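Here is the structure we will look at, set down as structure tokens.
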Amino acid sequence: NLQPYWNGITNETIENFFLKYCIQTQYLSLSWTKSIEYLSFYKLLNICSNKLIQLNLSCCQYLTGEYIKIIANYCFNLEILNLENCSHLINFDFIPLKNLHHIRSLNVYQTKIDYRTLLPLIDNNKEHLEHINL
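Taken in order, the sequence shown gives residues 13 to 146; the numbers are from this note's numbering.
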């Protein structure tokens, strides 16, 4: 959990530390990080996506639909996803998440997701889904 160090997580720390030492990461919390560039985010998830089962991105105001596509395209084993208070994401940004099929817990509290986007995601994860925070 990197939340206590959120102000120190930068593109540089991702490039110089995480990409070298975090390839076995299963649980990753980047909540409250200020601004991680798209390329750094892509590299990080590309490196640790095979083992990653929990991703916490709550209160990450820099997230856009492009970041969500990275999650959907690389984090196939993801079981727990927290996007609480990612208020810059619009409803359609969440659509790629329907490609995830192992979600047990989804937190989209204080986001702009609506039922038209949420229902296919729920349907694709109905075998595993235990918790949704709206």
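For each residue, glycine too, the CB sits at the ideal point set by N, CA and C. Note that the structure is a prediction, hence the values are computed from the model and not measured.
Apart from the five residues just before and just after D105, which ones in its own chain have a Cβ nearer than 7 angstroms to its Cβ?
T76, G77, I80
For E96, is the classification buried or exposed, using 16 other Cβ atoms within 10 angstroms of its Cβ as the cut-off for buried?
buried
Best match in S43, L101, Y127, Y54 for proximity to Q66 [C-alpha to C-alpha]:
S43
Find out if the Cβ-Cβ distance for the pair S117, Y86 is shorter than 8 angstroms.
no
Given a cut-off of 8 angstroms on the beta-carbon distance, is the pair N145 and N119 in contact?
yes
Under DSSP, the beta strand (DSSP E) around I144 begins and ends at which residues?
143-145
Compute the distance between the beta-carbons of L93 and K110, then report whether it is under 8 angstroms.
no
Please name the residue in F29, L57, Y39, C72 whose C-alpha comes closest to that of S47.
C72
Could you pull out every residue in the same chain whose Cβ sits closer than 8 angstroms to the Cβ of Y121, ignoring the five residues on either side in sequence?
E96, N97, N145, L146
Ignoring anything shorter than 4 residues or poking outside the stretch 22-94, list the alpha helix (DSSP H) runs there in chain order.
50-60, 77-86
With a threshold of 16 other CB atoms inside 10 Å of the CB of E91, please say whether the residue is buried or exposed.
buried
If you run the structure through DSSP and keep just helix, strand and coil, what is L109?
helix
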